Amino acid sequence: MDNLQKQFKKGVLDLLVLDLLNHGDAYGYEIISQLDKASDGYYLMKEGSLYPVLYRLEDKNLIQNYRQASEADRAVPRKYYKITEDGIQQLALMKAEWQQFYQITNHVLKG
Numbered sequence: 001m002d003n004l005q006k007q008f009k010k011g012v013l014d015l016l017v018l019d020l021l022n023h024g025d026a027y028g029y030e031i032i033s034q035l036d037k038a039s040d041g042y043y044l045m046k047e048g049s050l051y052p053v054l055y056r057l058e059d060k061n062l063i064q065n066y067r068q069a070s071e072a073d074r075a076v077p078r079k080y081y082k083i084t085e086d087g088i089q090q091l092a093l094m095k096a097e098w099q100q101f102y103q104i105t106n107h108v109l110k111g
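Take the sequence shown: its letter number 95 is residue 95 in the numbering used here, and every next letter is one higher.
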C-alpha cells in the first residue's frame, strides 16, 4: 500500500505546488513547510523530492525562479519560485480535471 500512496501523492504534487504558488511566491523549504502544514503532515516531503517537481514545472514554463536576499540576514539570496501566466491557466485546467477525476472515481467506488 505504501507504493500506491506514493503514486497518488506524486500524481497531485504539480497541482498542489502550482496552487500554493498561486497564493504567493515561496522558496523551496517554505513550499515544503506549507504543504506539510496544509495537509496535517500527509504531504511531508524532503527537498530532494520537491526539486524535481519544481524543475519539471519550470521546464514547462508554469513557474519561474528569482533570487532575493532575506531582509533578516545578509546571507546568500534565496531562490524563490512564482507561478507564471501559463501556470495560472494550467492550474485552472488541472483543478477542473481533478474535480472530474474525483467525482467520477467516487461515483464508481460507491457503485
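The beta carbon of each residue, even a glycine, is placed where N, CA and C say it ideally should be. Keep in mind the model is a prediction, meaning the values are calculated, not measured.
* Could you round the C-beta distance between Gly-28 and Leu-50 to whole angstroms and report it? I think they count as a contact, below 8 angstroms. => 6 angstroms
* Asked: Can you find a CB in chain D that lies within less than 8 angstroms of the CB of Lys-37?
  -> Structure shown: chain D not included; a single protein chain is present.
* To do: For Ile-31, count neighbouring C-beta atoms within 10 Å of its own C-beta (all shown protein chains included) and say buried if the count is 16 or more, exposed if not.
  => buried
* Just grab the DSSP bridge partners of Ile-63 for me. => Ile-83
* Asked: Looking at Leu-91 and Asn-22, is the spacing between their C-beta atoms short of 8 angstroms?
  -> yes
* Give me the Cα-Cα distance between Lys-110 and Val-17, rounded to the nearest whole angstrom. => 30 angstroms
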